[in-house]
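Under this note's numbering, think of the first position of the sequence shown as 29, with each following residue one higher. Backbone N, C-alpha and C define an ideal beta-carbon position, used for all residues, glycine too.
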Amino acid sequence: MAHTRQEQLQAIERLLDTLDILRVKCPWDAKQTNESLRPNTIEEVFELAQALLLDDVADIRKELGDVLLHVLFYAKIASETDRFDIADVAESLNNKLIFRHPHVFGTVKAADAEAVADNWEQIKLKEKDGNHSVLGGVPAALPALVKAFRVQEKAAHVGFDWQEKEQVWDKVNEEMAEAKEAVAEGDAAHIEEEFGDLLFSMVNAMRLYGVNPENALERTNQKFIKRFNYIEAKAKEQGVALRDMSLAQMDALWNEAKKL
């Protein structure tokens, strides 16, 4: 059941009041800093990402709450030294959203979502405190797979992309051949470089075909884990250690798991 705007605001206000009390009366909350909260924040974001991937509504709601707590907590910490508070955060975000949506709040035309995304990247370059280069907004600390997708996406929004998405397969095949050559040569540094190029080209292919590489790989991870756990469980039922099973035996159980 959807809540009214007033009910939503009241819920946020109660949450802010609770956080104010905890910051004063709870020994753990009272001693938290930006540095101490940061690892927990990263963990909470990953837990939210997992809930979203599984489309678990109850878990999504719970994890959103955990992430929201961290947002409010950082703003609370900043307010204690008069740097900013949650109102400044919300107002800054609101202004940014309006500025970056001139097709809604201004006179710019955008026919589809792709045009909106292209405009978004151009607008970010014009912001007073925004990025001063196309790739400047990609966080250095992003995991490599996510970073590859984001830099390719941003480059594409300013026209650096394949004219036809099918052309990417020539690049994938080229990088595959170069990786095989590097392996044959046996130079470890060159092998790493060429495998990196191959992986980068595959991420590009996924982007062009509308596949998020992080989601795709995580789904495959979960599929592998589920099937391997099946092999392990069956081995235990048979009283056999995995290391004592032949590859053929494990393959047979793997195929059973696939059918299930």
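Discussion item. Under 8 Å, with one C-beta from each stretch per pair, do the region 43 to 62 and the region 104 to 113 reach the 3-pair mark?
Written reply: yes
Fill in: Runs of alpha helix (DSSP H) wholly within the region 126 to 199 (minimum 4 residues, chain order)
130 to 133, 141 to 154, 172 to 185
Worksheet item: CB residue 148 to CB residue 128, shorter than 7 Å?
Response: yes
Worksheet item: What is the residue span of the alpha helix (DSSP H) that residue 46 lies within?
Response: It spans 33 to 53 - the alpha helix (DSSP H) in which residue 46 sits, taken as one unbroken run.
Worksheet item: Does the Cβ of residue 257 have 16 or more other Cβ atoms within 10 Å, making it buried, or fewer, making it exposed?
Response: exposed
Item to complete: Please report how far the alpha carbon of residue 265 lies from the alpha carbon of residue 175, in whole angstroms.
Response: 43 Å
Item to complete: In the DSSP assignment, find the unbroken alpha helix (DSSP H) run with residue 286 in it and report its ends.
Response: 275 to 287
Practice prompt. For my contact list, residue 226 and residue 203 are in at a C-beta cut-off of 8 Å; report their separation, rounded to the angstrom.
Written response: 4 Å
Worksheet item: Are residue 207 and residue 223 touching if we call contact CB-CB under 7 Å?
Response: With a cutoff of 7 Å on beta-carbon distance, residue 207 and residue 223 are scored as near each other.
Worksheet item: Based on Cα-Cα distance, which residue from 243, 275, 54, 136 lies nearest to residue 83?
Response: 243
Discussion item. Please report the distance separating the alpha-carbon of residue 89 from that of residue 219.
Written reply: The alpha-carbon atoms of residue 89 and residue 219 are separated by roughly 44 Å.
Worksheet item: Are there 16 or more other CB atoms within 10 angstroms of the CB of residue 231, so buried, or fewer, so exposed?
Response: buried
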